[in-house]
Amino acid sequence: MKQEKVVRKPYLWEALLSFGFLIAVMGIGIAKYEANPHIPMLIGTLFSVLIAFRLGYSWNEIEKSMFDGIYKALQAIIILAIIGVLIGTWLLAGVVPSMIYYGLAILKPSIFLVATVIICSITSLATGTSWGTAGTIGIALMGISKGLGIPAPVAAGAIISGAYFGDKMSPLSDTTNLAPAVSGTDVFTHVKAMLPTTVTAYVIALVTFLILGFQYSGTSSDVTSITAIRDGLSSSFNISPLLLLPPLAVILAMAFKLPAIPGIVIGIIIGGIEGVIFQGADFGAILTAAYDGFTSETGVEIIDELLTAGGLSGMMYSISLTIIAMMFGGIMEKTSQLEVIVNKILEKVKSTGGLIATTVLTCIGSNATMPEQYISVVLPGRMYHQAYMQKGLHPKMLSSTLEGGGTVTSSLIPWNTCAAFLYSVLGVSAVEYAPYAVFNYMMPIVVIIFGFLGVFVYKLADDPDTVIGEVSVEE
Numbered sequence: 181m182k183q184e185k186v187v188r189k190p191y192l193w194e195a196l197l198s199f200g201f202l203i204a205v206m207g208i209g210i211a212k213y214e215a216n217p218h219i220p221m222l223i224g225t226l227f228s229v230l231i232a233f234r235l236g237y238s239w240n241e242i243e244k245s246m247f248d249g250i251y252k253a254l255q256a257i258i259i260l261a262i263i264g265v266l267i268g269t270w271l272l273a274g275v276v277p278s279m280i281y282y283g284l285a286i287l288k289p290s291i292f293l294v295a296t297v298i299i300c301s302i303t304s305l306a307t308g309t310s311w312g313t314a315g316t317i318g319i320a321l322m323g324i325s326k327g328l329g330i331p332a333p334v335a336a337g338a339i340i341s342g343a344y345f346g347d348k349m350s351p352l353s354d355t356t357n358l359a360p361a362v363s364g365t366d367v368f369t370h371v372k373a374m375l376p377t378t379v380t381a382y383v384i385a386l387v388t389f390l391i392l393g394f395q396y397s398g399t400s401s402d403v404t405s406i407t408a409i410r411d412g413l414s415s416s417f418n419i420s421p422l423l424l425l426p427p428l429a430v431i432l433a434m435a436f437k438l439p440a441i442p443g444i445v446i447g448i449i450i451g452g453i454e455g456v457i458f459q460g461a462d463f464g465a466i467l468t469a470a471y472d473g474f475t476s477e478t479g480v481e482i483i484d485e486l487l488t489a490g491g492l493s494g495m496m497y498s499i500s501l502t503i504i505a506m507m508f509g510g511i512m513e514k515t516s517q518l519e520v521i522v523n524k525i526l527e528k529v530k531s532t533g534g535l536i537a538t539t540v541l542t543c544i545g546s547n548a549t550m551p552e553q554y555i556s557v558v559l560p561g562r563m564y565h566q567a568y569m570q571k572g573l574h575p576k577m578l579s580s581t582l583e584g585g586g587t588v589t590s591s592l593i594p595w596n597t598c599a600a601f602l603y604s605v606l607g608v609s610a611v612e613y614a615p616y617a618v619f620n621y622m623m624p625i626v627v628i629i630f631g632f633l634g635v636f637v638y639k640l641a642d643d644p645d646t647v648i649g650e651v652s653v654e655e
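Every letter in the sequence shown is one number past the one before it in my numbering, and letter 297, counting from 1, is 477.
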């Protein structure tokens, strides 16, 4: 008679070994060889498979756990795909150029730093990318700051604060879609949940930069770069306030609680129609931009770098990383490796505020040890998902905490990929600009304070209809 293989729970050291191996291979791959995180993540997943075998799981069980992990992110994967379509369509239609054009109009020398934060916020909201904003508009603003006599670290802090606010709040951003995917809610619910803490940190940042800007208010400004950008946009696109209708429609869809996918599709349809009306695009051009993205050929380098983006194919980086990360999370969850680690961490965490603070610190630790922004959202999300459910907290509480602790702090860790990129485009190191990246360091502080005060803490029972996946709550 064949003896059945016994499946056992992992020892703490075995679970830590899975994470330790992942941290090591991610660190070596990204920091030393500047590789994309996908293959290191896949290697870490394969190592977790070996641990699962050691615990007595069969290949069929392990394979199913990976599929289960991916299944939990399917909505986010679909949203990421159609957001790629939306970005390509909006760029072709002139929607994003119009948002940037009107955003740049607010630049005034006397309030340069505040204006910089707002301009970068609008640009990042419109494009969904902090990197693209810093690497284009940010470079122009750094040049203007030199003419104003504003120290480079201060200007960089204002650029980064605005860029990450937009990245964090834009439904077009990959991290804004990843966070609700791993937490178990939809992107619109997630964005609304982030508003109180994010607006608080943003207002603090604006006030800080307004005060800092007073000492530079007597200087004159050379706005040649900004004028060149606006002229380049107006000469290459038909700019109109009516082109702000697609993003307004998406915002209204969020306000009226329309599901995320239909809401985004409405934005795509309106954008496509306006592309025909305002830019003279035909159906073939719309289809091409929707799949391959839009290629800007204005002749102005800054504009072309910023507006050459989008398309379904352009989202495959984020989609493939999501799939691999959820494979790892699925194995860690099924084999109880996440459970033993989280239980150990939470032994001394009794309150909701403590859980939120622990999540934030884990996200920051992830940014420091696995220096990749996506991982700081995905892994803590899977680690603490069940703990939030057991406390009767809505998944949007977890998703907003992940963004408050993970997305924004990536730029503050000098060896993180985000900080390395920002240094390469702005010419200022994280050590120099960190004290002035007010929004980025205030965000986790505000999240933790609100958590301990018990304000804007979302309960599962208050909004059960926006939960995706299983609901398992201990009474």
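Ideal placement from N, C-alpha and C gives every residue a C-beta, glycine not left out.
Check	Outcome
Top-ranked residue by Cα proximity to K576, from S238, A332, L358, N547	L358
Under 8 Å between C-beta atoms of L501 and Y554	yes
8 Å contact criterion, which A204 and I521 should meet: CB distance rounded	Going by Cβ atoms, the distance from A204 to I521 rounds to 16 Å, so no, they are not a contact pair.
Cβ shell of G584 (< 7 Å), same chain only, five flanking positions each side left out	T377, V540, M623, P624, V627
Check whether P333 and Y616 have beta carbons under 8 Å apart	yes
Cβ shell of G346 (< 6 Å), same chain only, five flanking positions each side left out	S301, S304, L305
Residue range of the alpha helix (DSSP H) that includes A567	553 to 570
Reference G479; option with closest CA among G473, L222, T488, E214	T488
Three-state secondary structure (DSSP) of F474	strand
Among Q255, A461, K514, the one whose alpha carbon lies nearest that of W239	K514
Contiguous alpha helix (DSSP H) assignments of at least 4 residues, all confined to the region 561 to 625	575 to 582, 597 to 606, 610 to 613
I324 versus W270: straight-line alpha-carbon distance, rounded	28 Å
Same chain, Cβ closer than 6 Å to L222, five either side skipped, listed in chain order	I504
Endpoints, the alpha helix (DSSP H) within which Q395 is located	No alpha helix (DSSP H) holds Q395; DSSP gives it neither H nor E.
Cβ-Cβ distance between P360 and S579 below 8 Å	yes
For A489, the residue or residues it bridges with in DSSP	F474
Contacting residues, own chain, Cβ-Cβ under 8 Å from G473 (five flanking each side not counted)	G264, I267, G268, L271, T488, A489, G490, G491, S493, G494
Own chain partners of I242 with C-beta closer than 7 Å, once the 5 adjacent residues on each side are dropped	V229, A232, I511
Contacting residues, own chain, Cβ-Cβ under 7 Å from V605 (five flanking each side not counted)	A314, G315, G318, I319
Helix, strand or coil at K639 according to DSSP, with G and I counted as helix	strand
Nearest-angstrom beta carbon gap, F458 and P277 [assumed within contact, 8 Å]	Not really, about 10 Å apart at Cβ, beyond 8 Å.
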